[in-house]
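J.: Take the sequence shown: its position 53, counting from 1, is numbered 122 in this note's numbering, and each next residue is one higher.
Quick reminder that beta carbons are idealized off the backbone N, C-alpha and C, glycines included.
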Amino acid sequence: MATQRKRNPNGAGTITQRKDGRFQAAVYVLQPDGTRARKFAYGKTWAECDAKRRVLLDKVDQGVPVPTRSARLADWLPYWLDSFVQPPRRTPATYEKYESHIRLHLIPLIGTKRLESLGVADVRRFLKALESKTTAATAKESHRVLRSALSAACREELISRNVATLVEPPRPASRELSPWSLDETLDFLTAARRDPLYAAFVLAIAMGLRRGEIVGLRWSDIDLDQRVIHVRNQTQRRRGVLYDGDPKSRRRRVVPIPALCVAPLRWHRMRQTAARAKAGEDWYDSGHVFTTRTGRPVEPRNVYRSFIRVAQAAGLRPIRLHDARHGTATLLTAAGVAPRVVMEILGHSQISVTMNVYAHVVQDTQREAMSHMDRLLRTRPGRQ
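#1: Could you tell me the alpha carbon to alpha carbon distance between Val135 and Trp115, rounded to whole angstroms?
#2: Could you give the distance in angstroms between the alpha-carbon of Val355 and the alpha-carbon of Gly364?
#3: Three or more C-beta pairs under 8 Å: does that hold for the region 139 to 149 against the region 165 to 181?
#4: Does the Cβ-Cβ distance between Val379 and Ala261 come in under 7 Å?
#5: Within a Cβ cutoff of 6 Å, which residues of the same chain sit near Val271, ignoring the five residues on either side of it in sequence?
#6: Give me the Cα-Cα distance between Ser421 and Asp351, rounded to the nearest whole angstrom.
#7: Looking at the structure shown, is Asp264 part of a helix, part of a strand, or coil, going by DSSP?
#8: Would you call the CB atoms of Arg320 and Pro369 closer than 7 Å?
#9: Express the C-alpha separation of Lys108 and Arg194 in angstroms, rounding to a whole number.
#10: Should the region 200 to 212 be called in touch with the region 239 to 246, which here means at least 3 C-beta pairs below 8 Å?
#11: Which of the three DSSP states, helix, strand or coil, is assigned to Arg193?
#12: Among all the DSSP beta bridges, which residues are the ones paired with Lys108?
#13: Give the straight-line distance between the Cα atoms of Gly384 and Ala393, rounded to the nearest whole angstrom.
#14: Out of curiosity, what's the CA-to-CA distance linking Ala403 and Gly396?
#15: Mind checking Val411: buried by the 16 CB within 10 Å criterion, or exposed?
#16: Residues bridged to Pro325 by DSSP?
#17: Rounded to whole angstroms, what is the Cα-Cα separation between Glu413 and Gly132?
#18: Measuring CB to CB, does Arg374 end up less than 7 Å from Ile326?
#19: Looking at Ile283: is its Cβ nearer than 7 Å to the Cβ of Ala268?
#20: Using 7 Å as the threshold, is the C-beta distance between Ala222 and Ile228 below it?
#21: Alpha carbons only, please: which of His174, Ser186, Leu215, Thr83 is nearest the one belonging to Leu199?
#22: With 16 as the cutoff for other CB atoms within 10 Å, does Thr254 come out buried or exposed?
#23: Kindly identify the DSSP beta-bridge partner or partners of Arg306.
#24: For a quick check, are the C-beta atoms of Gly82 and Val98 less than 7 Å apart?
#25: Going by alpha carbons, who is nearest to Gln303 out of Asp127, Phe359, Lys88?
#26: Find out if the Cβ-Cβ distance for the pair Leu458, Ala190 is shorter than 7 Å.
#27: Can you look up Ile274 in the DSSP assignment and give me helix, strand or coil?
#28: In angstroms with no decimal places, state the Cα-to-Cα distance between Ser250 and Leu400.
#29: Does the beta-carbon distance from Tyr111 to Gln93 come in below 7 Å?
#30: Between which two residues does the beta strand (DSSP E) harbouring Gln155 extend?
#31: Please report the straight-line C-alpha distance between Leu311 and Thr203, rounded to a whole angstrom.
#32: Just mark Met70 as buried or exposed, buried being the case when its beta carbon has 16 or more other beta carbons within 10 Å.
#33: Do you know offhand how far His337's Cα is from Pro265's?
#34: Taking the straight line between their C-alpha atoms, what separation do you get for Arg455 and Arg322?
#35: DSSP on Arg141, reduced to helix/strand/coil?
#36: Would Trp288 be called buried (16 or more neighbouring beta carbons within 10 Å of its own) or exposed?
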């Protein structure tokens, strides 16, 4: 009596021999969208095909998605955006920036490519085409978005390598920084003395706080007796909504308050107390340092508008509010403060950022240091 061949248990897949002599394994696997579909694997021998079947079954047991067909970038990028970048995983600003690069550049230029077939040459051609249409900075940022999306695909085991990491992104030209000189800075502070946001401008110039960090300040973050500010969050507006988030690069820090900032902050608190009394029941107690007449957080864009208005009234050349932050580092570095200390004050994520942005100041300091060699090594009188 012939023995009956055992059947594989349900879900273990099947192996059959094709007409061409090869063996074919079929296993139901999990798809990236959560559904299940049949995945085929092939081998010259039954044993080779069985080994591939077991690999697929291991991924099924681990819950690892195995697409039956490599997804197009046009399908994967929006899925990655919603599954891996959507707040609160990343900040709304990051999500908005990534979404615009995907919608405007990546999908139109390279979206038809499939994950498994995407090659180094494809990425290189994409960057070259994008740089010719836009700028090197835009192409570099799109490369960063693509690299992050492909890294997630590698972690999901949808692809075996991230080809974007093998392509060097474009190098945009460094932006020439031209912050105000010390005299220009003093002229601005004199002109801004009567402005309602005078204390905000002093913090931007003397402490290098970012615009979002200034708007996000609460009185609970400020200790005027100990003269320190706790930079814990920043306030930004994205898609019509004000939101609070961590400072850039998640660099929370405690910064000493210079003496020149204390009086403006005390004066500002007195003005806010008077505004609260005038508003009465209409006052919204948000706890923010810089508010509207009814206590709500001031708009970040309005801080910049007031900054420009005061600068124009003082007859100063226009600069960005962020350039006042560059001016802080310029003055600190010129005063001999170590770059590492400047980095901590400004909340840079890496010392290289501080060194690269303010290289011109460092060079001036180096030139002054090397001038001491002339005095040390000069020929003594009477010697040739």
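T.: On the basis of the data shown:
#1: Using only the alpha carbons, I get a separation of about 22 Å.
#2: Correcting the residue type first, residue 355 is Ser in the shown sequence and not Val. Ser355 and Gly364: Cα-Cα distance of roughly 6 Å.
#3: Output reads yes: the region 165 to 181 touches the region 139 to 149.
#4: Yes, these two residues count as a Cβ contact at 7 Å.
#5: The residues are Cys330, Pro333.
#6: Looking at the two C-alpha atoms, the distance is approximately 48 Å.
#7: Correct three-state label for Asp264: coil.
#8: No.
#9: In a straight line, the C-alpha of Arg194 is about 32 Å away from that of Lys108.
#10: For the pair of segments examined, the region 200 to 212 was found to touch the region 239 to 246: the number of CB pairs separated by less than 8 Å reaches three.
#11: If DSSP states are grouped into helix, strand and coil, Arg193 belongs with the helices.
#12: Beta-bridge analysis with DSSP links Lys108 to Val96.
#13: Distance between the alpha carbons of Gly384 and Ala393: 16 Å.
#14: Computed Cα separation, rounded: 10 Å.
#15: By the Cβ neighbour-count rule, Val411 is buried, with 16 or more other Cβ atoms within 10 Å of its own.
#16: Its beta-bridge partners are Val297.
#17: If you take the alpha carbons of Glu413 and Gly132, they lie about 43 Å apart.
#18: In this structure, Ile326 does not lie closer than 7 Å to Arg374 by Cβ.
#19: Not a contact, by the Cβ cut-off of 7 Å.
#20: Yes, the Cβ-Cβ distance between Ala222 and Ile228 is below 7 Å.
#21: Of His174, Ser186, Leu215, Thr83, the smallest CA-CA separation from Leu199 is found for His174.
#22: Its Cβ being crowded by 16 or more others within 10 Å, Thr254 is buried.
#23: Note: Arg306 sits in a beta bridge opposite Leu311.
#24: No, these two residues do not count as a Cβ contact at 7 Å.
#25: Just measuring C-alpha positions, the residue of Asp127, Phe359, Lys88 sitting nearest Gln303 is Phe359.
#26: Residue coverage of the chain in this structure runs from 70 to 453, which leaves residue 458 outside it and unanswerable.
#27: Ile274 falls in the helix class under three-state DSSP.
#28: Whole-angstrom Cα-Cα distance: 9 Å.
#29: Yes, the Cβ-Cβ distance between Tyr111 and Gln93 is below 7 Å.
#30: From DSSP, Gln155 is part of no beta strand (DSSP E); its letter is neither H nor E.
#31: Leu311 and Thr203: Cα-Cα distance of roughly 30 Å.
#32: Below a pLDDT of 50, predicted positions are generally treated as unreliable, and Met70, at 41, falls in that range; no measurement from the model is reported.
#33: Rounded to whole angstroms, His337 to Pro265 spans 8 Å at the Cα level.
#34: Here the chain covers residues 70 to 453 and nothing more, so residue 455 does not appear.
#35: The answer is strand: DSSP assigns Arg141 an E or B state.
#36: With fewer than 16 other Cβ atoms within 10 Å, it is exposed.
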